[in-house]
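A short worksheet on the structure shown next.
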Amino acid sequence: MSMTFLGRQPVFTSAMETYGYELLYRSNEINRADFHDGNRATSSVLVNSFFEFGLKNIVGESRAFINLPRDFIIGTYELPFDPEQIVLEVLETISFDDTVAEALLALRRKGFILCLDDFILPESGENPFVDYVDIVKLELPAYSPPRLLKTAHYLQSKGVEILAEKVETREEFELCRRVGCDFFQGYFFCKPNILKQEKIPKNRFAIIRLLKRVHDPLVSFSELEELIAQDVTLSYRILKYINSAVFCLRSRVESIKRALSYIGLEKLKQWIYIMSIADISNDRSIIPLIETSMIRSKMCELIGNAVGASQGKNIFATVGLFSTLDAVVGIPLQDILEELPFSQEINRALLHAEGLPGEILHVTRTLESGKPPEEGFQNISSKRLGELYIDAIQWVNKNMNEIFS
Numbered sequence: 001m002s003m004t005f006l007g008r009q010p011v012f013t014s015a016m017e018t019y020g021y022e023l024l025y026r027s028n029e030i031n032r033a034d035f036h037d038g039n040r041a042t043s044s045v046l047v048n049s050f051f052e053f054g055l056k057n058i059v060g061e062s063r064a065f066i067n068l069p070r071d072f073i074i075g076t077y078e079l080p081f082d083p084e085q086i087v088l089e090v091l092e093t094i095s096f097d098d099t100v101a102e103a104l105l106a107l108r109r110k111g112f113i114l115c116l117d118d119f120i121l122p123e124s125g126e127n128p129f130v131d132y133v134d135i136v137k138l139e140l141p142a143y144s145p146p147r148l149l150k151t152a153h154y155l156q157s158k159g160v161e162i163l164a165e166k167v168e169t170r171e172e173f174e175l176c177r178r179v180g181c182d183f184f185q186g187y188f189f190c191k192p193n194i195l196k197q198e199k200i201p202k203n204r205f206a207i208i209r210l211l212k213r214v215h216d217p218l219v220s221f222s223e224l225e226e227l228i229a230q231d232v233t234l235s236y237r238i239l240k241y242i243n244s245a246v247f248c249l250r251s252r253v254e255s256i257k258r259a260l261s262y263i264g265l266e267k268l269k270q271w272i273y274i275m276s277i278a279d280i281s282n283d284r285s286i287i288p289l290i291e292t293s294m295i296r297s298k299m300c301e302l303i304g305n306a307v308g309a310s311q312g313k314n315i316f317a318t319v320g321l322f323s324t325l326d327a328v329v330g331i332p333l334q335d336i337l338e339e340l341p342f343s344q345e346i347n348r349a350l351l352h353a354e355g356l357p358g359e360i361l362h363v364t365r366t367l368e369s370g371k372p373p374e375e376g377f378q379n380i381s382s383k384r385l386g387e388l389y390i391d392a393i394q395w396v397n398k399n400m401n402e403i404f405s
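The sequence shown begins at 1 in the UniProt record's numbering and counts up by one.
Here it is in structure tokens:
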């Protein structure tokens, strides 16, 4: 059985720091994360994660959450893991018995963090697995607020941490945080938290003004050079980036003008946006948005190249990059785009997923959610889409380190 895709979903702390990523895997035979043959599925993700892709290239310094069928728990199959890199998820379909209990204790003695998947509090009020794990996952759509509060109190009394998954809105995130959840999984952080104009921080408005100037079709290289030179922080970030290991230049670049000659006009426009929002990263929710927008940008560019699109790669990269702009600034996307001099093709892609750039953005989003098109996209197979997505993640990991180091 060959694996055609390895996706990931972020897991955050209550402070919006990335704690880890759940790895989602697919096969040619079955296009689901929960295979009937869980052992073969887990074997596939382990081999591909550790030996083909390299786990660090997929999750960076964070932990990887991996589903664990019964035979891996009880030791029928060996676990090639460093406990510092992994959270082992115990599937809810596993029956509890003495053999499983002893195996879970042995795994914890080895230093592994164990997470119980899709917990539902039984009528009896007890679940034997809870005494053998460190984290319990709650699938949020299955819980009303009163039931969530009751379950949270029970788990807190047991001394385990709580991970709320399928958290899709800011309101759900705040609810889970109020009842005492410790970790959060879902794409709530990409949803805009629309603010009243008087409550929008001034630095968010400054980003829009900067983008308006930078993306003016008539802007010249010399104007951009002057614009950057006026911003000490932006100048420092660009010079630091151009002199990093990403470019491997033989001699040090000391001037903005020379730096711009290496980056190029279109790439410069994209990096100005990334580095300007990096300056407001004291808001922890901005960092995963930067990472997501960069992955989307690179992935859209890679897909555009792979399908041989005539538009040029920059339009696809731009669409991916600005797909989280409303979440960054707290203003409806349509209102933002009315202020920016983007082409109608970019606007239609961002607002309605129309045209080839919009279709590619849609495919990229399906990869994020672990639900890629089964038939692939145009001339790209589903397997190849997964490989491109890993390439995009690796590229972003490398560049994020340079931006925030």
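Every residue, glycine too, gets a C-beta built ideally from N, C-alpha and C. In this text, all values refer to a predicted model and were calculated from it rather than measured experimentally.
With distances taken between CA atoms, A64 lies nearest to V87 out of N57, V87, G75, G54.
K191 is not a Cβ neighbour of A353, given a cutoff of 9 Å. Counting only the Cα atoms, M16 lies some 28 Å from F129. Exposed is the label assigned to D97, since fewer than 16 other Cβ atoms lie within 10 Å of its Cβ.
Cβ neighbours of S62 within its own chain (closer than 7 Å, five residues either side excluded): T18, Y19, G20, Y21. Judged by DSSP secondary structure, V100 falls within the alpha helix (DSSP H) whose first and last residues are 98-109. Judged by DSSP secondary structure, V232 falls outside any beta strand (DSSP E) and instead within the alpha helix (DSSP H) spanning 232-242. With a threshold of 16 other beta carbon atoms within 10 Å, K298 meets it and is buried.
About 4 Å separates the CB atoms of G7 and G370; that is less than 8 Å, so the two are in contact.
I86 has A64 as its beta-bridge partners, per DSSP.
Around L116, the same chain offers V90, F129, V133, V136 as residues with beta carbons nearer than 6 Å, after the five sequence neighbours per side are excluded. For K371, there is no enclosing beta strand (DSSP E), as DSSP marks it with neither H nor E. A straight-line Cα-Cα distance of about 28 Å links A349 and K398. Excluding residues up to 5 positions away in sequence, V363, T366, S382, L385 lie with their Cβ nearer than 8 Å to the Cβ of P373 in the same chain. Taking C-beta atoms as the reference points, F184 and R177 count as a pair closer than 9 Å. For the 9 Å CB-CB criterion, Y273 and V219 do not form a contact. By the neighbour-count definition (other C-beta atoms within 10 Å, threshold 16), I331 is a buried residue.
Rounded to whole angstroms, K212 and A164 show a C-alpha spacing of 39 Å. About 5 Å separates the CB atoms of C300 and I360; that is less than 8 Å, so the two are in contact.
Note on geometry: alpha-carbon atoms of L140 and D118 lie some 9 Å from one another. By the criterion of at least three beta-carbon pairs nearer than 8 Å, the region 234-249 is in contact with the region 258-269. For E165, the enclosing beta strand (DSSP E) covers residues 161-165. Around the beta carbon of Y236, fewer than 16 other beta carbons lie within 10 angstroms, which makes this residue exposed.
The C-alpha of V100 lies about 7 Å from the C-alpha of I73. In this structure, G304 and F316 form a Cβ contact; the two beta carbons are roughly 4 Å apart against a cut-off of 8 Å. The straight-line gap separating the alpha-carbon atoms of L175 and I290 is approximately 25 Å. Secondary structure of T13 (DSSP, three-state): strand. Per DSSP, I331 lies in no alpha helix (DSSP H) and is assigned neither H nor E. Judged by DSSP in its simplified three-state form, V363 adopts helix. The bridge partners DSSP lists for E22 are Q9, F65.
Around the C-beta of L351, fewer than 16 other C-beta atoms lie within 10 Å, and the residue is accordingly described as exposed.
Rounded to whole angstroms, the separation of the alpha carbons of E92 and E102 is 17 Å. Taken in chain order, the unbroken stretches of beta strand (DSSP E) that lie wholly in the region 116-190 and span 3 residues or more are 135-139, 161-165, 183-185. Secondary-structure assignment with DSSP links L114 through a beta bridge to L88.
A direct Cα-to-Cα measurement between I277 and T151 gives close to 38 Å.
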